[in-house]
Amino acid sequence: MHSYIRTHATESALLLVILLISLFLSFATENFFTLGNAFDLLNTSSVNIIFAVGLLVVLIAGGIDISFAVAASVVQYVTAVMLGWIGGGNWLFGFLLAGTAGIVLGAFNAFLIHRFRIISIVATISTFNIYFGLLMFFTKGVSIYDLPDWLTTRVVLFEHEMANGTWVEITLPVLVMVVCVIATWLLITRTTTGRQLYAFGDNPEGARRFGIPIGAMQFIAFGWLGLMAGIAGLVQAHYAQEVVPNALYGRELDVLAAVVLGGARLGGGKGSVFGCVLGVLLVSITQNGLNLMGVSPFAFKMIVGAIILVAITLSNTSIEKLLPLARSEGKRP
Amino acid sequence: MNNPAGAEGNDKPLLALRHINMTFGGVKALKDVSFEVRPGEVHCLAGENGSGKSTLIKIITGVYRPETGAEITYDGQAYSHMSPVTAQASGIKVIWQDLALFPEMSVAENIAFETMVGGWPRLVNYGRMRNIATDALARLGVSLDVDLPLKSYAIAQRQIVAIARALVGEARVVFMDEPTASLTQSETDYLLDIVRNLSASGVAVVFVSHRLAEVLEISSRITVLRDGALVGVYPADGMTQSRITELMTGKTFDQQVRAKPKQDRPVVLELEGLTRRGQFEDVSLTVRSGETLGITGLLGAGRTELALSLFGMLHPTAGRMALDGRPISFSSNREAIAAGIAYLSEDRLSLGLVQPQSIADNLVIASLRKIIAGGLISEDRKRSLVKHWIAELGVKIGLQDDAISTLSGGNQQRVAIAKWLATDPKLLILDAPTVGVDVGARAGIFDIVARLAETGLAIILISDEVPEVYFNADRVLHMKKGRIVGEYDPRQASLAEIEEAVYA
């Protein structure tokens, strides 16, 4: 236990912060500490967690991606249109279509970064504008409400009525999220490819000298994020029951903040799936709590920003450094 | 594993390279170089920075592909080029100068990383990696917690991890790229013991270095490169450091002690009982105008911490400092610069110079005050200031606006010195001024130091290479574990005497 806290300082700090906030909210609000609310949180956080674990892989490999959320919008739209053409389809086909489209968009980022040596933030800011611009241009901003029935029908995997009459539900997005989380965890901790991604992000030159294929690393990392973005896009369309071209615009920064909060390092080589999930949950719990407390939604961003700052300071700084008196700077002669 | 023919008497090379050519952006890095290693021998590959040593290793390990016509023979098999995966799998291992480790990953993963490259993606076997790592460390007689991330260990232990990594699998030839650069003497001795054991068990070891004194005694042969070409292969018996230096540079150096008596000059800096807890203790010294005071000692003796305290970047916990007879205490290096103290940092590449910026901008950065006219930087003043110092120190440059990274190590160091001279200092602290500077260019740097001293500047010269301070300082202080333990006059003491005291 002690050594776990030492080697997983970020995750432990996050867990502590989440517990403290939850404890506070349980006393401050009536509904926070109910199973129904907990499952609600999971249902609403699913899309962001899927995005987050995808982005985590890119961050571990030393890159960054700004374009994945609008890429997911493009995927949503393309998938909805194509499903309309063929008329029908099913979940399996939908995931195949959305996943493939996502991988293509992610691979395009990897291609720009690897082939033309453009740093990832510049490459993906460009594709962010290209993807979003193309989407708005061709759709003229028009939403699609006419989706296949299978896509808009809520899929409840588990439900249970509580004694007080509220319902506990686990829906399809949660299942998809759990699968994505486990798959990403397997990829980055249990496969040689995943460890190569870590090594590549940690010390690219060292990785090169081991003969790790650099180009393949970029394509795997951005391809994985593309896949996750595609899946998240489809799940979000299912959850919202509509495809709105700019629905996911701006989501990239929320997710990025949550992933960094979860201990991933801009610069590569560091980050865990568990920390990443905790990062997203911390943000959702805070928002949820503020909501239940009746705080104005306009104050959310500000408070969430402050929480991120506090949590990141806590997890990056050892306790001694926070106590200025304990510093052994010494006096001047 | 224990190959009796390996340790001695086997002249058939294990690894042989012929006709190796390599060009980078129009510059010939290697010109028709040959190189061979016999089984179980300890071989030195010597050459100045930029002579092609590192390029040659990268070709041997498959990181670079040589130009066509290359012949590589390893263990009886011919190759036109290597690949990193085959090289490692067939027993060619490298301990890179920068170690090439992965700080965020565990010690076990760092040591057994080889098991995770090559072939198709597959599941990671952590148990096997842990065993491999523990075994490799046990062979070195070291025990580390292999589950901790590497970043929780200090540099010396990371070096051990790098060595352990090279021993994984069946190592047949191990290249060590500047292995002693960041080690203290006792760690170096330990490393040499490891090398002796490896060699005795039939593993060939190639030292790649431009500082060979410590490895000469255990080597059998030396290959010398200069400007990308092979100078020759020589038996190590009877070879001396100065002869190798001649071969590496193609010049002869006749070093003479420069020390002169300076007791009659006014005192510039005086320290009395200066202490910074845990780093240095009770340091008292004086430096006079026109005097060069050498401070030597092993890595970690507190030399750099002392220098940083004089420069206002660390704060002493006790003792007094006085400059020109007036007591001083600085809360920042800005105050130190204003008072007339200049500090040429140890790590020129990352701390001393801003590599992508121009020569001119690097040179004026510490003396912007002087080139301001009407609240803005005057281009004219800047140019004339830069011109003055470039001429004064004989820096060879193209244009003032060229990036500093286009200059050689020696010329970069001259610009770094010029940067501080432009602040009109009374005291100049030079911390390891020749690190990364070729042997040939070093003499030029010390000529400058001597000329500066003649103008009345007080100079503190810090170096862990005893000969450097012996030949170039007026007095030599020996620092050990944060204390000054000896003072020598180079005109009376011998180099061997000081070296023995420092390295003992």
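Chains as they are written, first to last, in the UniProt record's numbering: chain A, 1 to 333; chain B, 1 to 504. Ideal Cβ positions, reconstructed from N, Cα and C, are used throughout, including at glycine.
Whole angstroms are fine: how far does the CA of residue j sit from the CA of residue i?
i, j, result
"A:L290", "A:F300", "7 Å"
"A:L292", "A:V178", "26 Å"
"B:V174", "B:I155", "20 Å"
"B:M82", "B:I57", "11 Å"
"B:D145", "B:T61", "29 Å"
"A:L14", "A:F51", "19 Å"
"B:R383", "B:Q413", "19 Å"
"B:D115", "A:A229", "Reading the sequence as shown, one finds Thr at residue 115 of chain B and not Asp. For B:T115 and A:A229, the distance between alpha carbons rounds to 32 Å."
"A:T153", "A:G88", "13 Å"
"A:D146", "A:G94", "15 Å"
"B:P433", "B:S463", "8 Å"
"B:S106", "B:I194", "23 Å"
"B:G9", "B:G202", "Model confidence at B:G9 stands at a pLDDT of 46, short of 50, so the residue's coordinates are unreliable; what they give is reported in the following sentence. Each residue's alpha carbon lies about 12 Å from the other."
"B:Q492", "B:L477", "14 Å"
"B:G409", "B:D75", "38 Å"
"B:A166", "B:A138", "14 Å"
"B:A16", "B:V415", "42 Å"
"B:E468", "B:S143", "37 Å"
"A:A311", "A:T184", "24 Å"
"A:F27", "B:P356", "56 Å"
"B:G6", "B:E36", "Since pLDDT at B:G6 reaches only 38, below the 50 mark, its modelled position is unreliable, and no value is offered."
"B:V435", "B:A360", "23 Å"
"A:A264", "A:G275", "8 Å"
"A:M302", "B:L285", "56 Å"
Report yes if the CB atom of residue i is closer than 7 Å to the CB atom of residue j, and no otherwise.
i, j, result
"B:G52", "B:L230", "no"
"A:L92", "A:V255", "no"
"B:A339", "B:F311", "no"
"B:V205", "B:S199", "yes"
"B:A307", "B:I429", "yes"
"A:F219", "A:A110", "yes"
"B:A458", "B:V257", "no"
"A:F32", "A:L23", "no"
"A:I103", "A:L227", "yes"
"A:G262", "A:D202", "no"
"A:E169", "A:F68", "no"
"A:V283", "A:V53", "no"
"A:L197", "A:I66", "no"
"B:K28", "B:G250", "no"
Taking its Cβ as the centre, do 16 or more other Cβ atoms sit within 10 Å of residue i, making it buried, or is it exposed?
i, result
"A:G250", "exposed"
"A:N288", "buried"
"B:N472", "buried"
"A:E205", "exposed"
"B:T296", "buried"
"B:M239", "buried"
"B:D438", "buried"
"A:L19", "exposed"
"B:E48", "buried"
"A:P324", "Residue confidence for A:P324 is low, a pLDDT of 46 falling below 50, so the modelled location carries little weight and cannot support an answer."
"B:M248", "buried"
"A:H160", "exposed"
"B:G325", "exposed"
"A:N164", "exposed"
"B:K93", "buried"
"B:I222", "buried"
Taking residue i and residue j to be in contact with their CB atoms under 8 Å, please state how far apart those CB atoms are, rounded to whole angstroms.
i, j, result
"A:I64", "A:V58", "7 Å"
"B:V42", "B:S220", "6 Å"
"B:T317", "B:R276", "5 Å"
"A:A71", "A:L105", "4 Å"
"B:D177", "B:I95", "6 Å"
"B:R196", "B:I218", "6 Å"
"B:Y470", "B:L495", "5 Å"
"A:V156", "A:S46", "Not quite, the Cβ-Cβ distance comes to about 14 Å (not below 8 Å), so this is no contact."
"residue 533 of chain B", "B:A342", "The structure shown does not extend to residue 533 of chain B, since chain B is modelled only from 1 through 504, so no value can be given for it."
Per the contact definition of three or more C-beta pairs closer than 8 Å, is the region 481-489 of chain B in contact with the region 271-289 of chain B? Verdict: yes, contact present.
Can we say the region 94-104 of chain B touches the region 158-167 of chain B, given the rule of at least three CB pairs closer than 8 Å? Counting Cβ pairs under 8 Å, three or more are found: they touch.
Is it true that the region 18-26 of chain B meets the region 67-75 of chain B, where meeting means three or more beta-carbon pairs spaced less than 8 Å apart? As far as the Cβ criterion goes, the region 18-26 of chain B touches the region 67-75 of chain B, which means the pair count is three or higher.
Can you find at least 3 beta carbon pairs, one from the region 355-366 of chain B and one from the region 413-428 of chain B, that sit closer than 8 Å? Result yes; three or more Cβ-Cβ pairs closer than 8 Å.
Examine the Cβ distances between the region 75-92 of chain B and the region 211-222 of chain A and report whether three or more of them are shorter than 8 Å. Yes: at least three Cβ pairs fall under 8 Å.
Three or more C-beta pairs under 8 Å: does that hold for the region 72-88 of chain A against the region 181-198 of chain A? No: fewer than three Cβ pairs fall under 8 Å.
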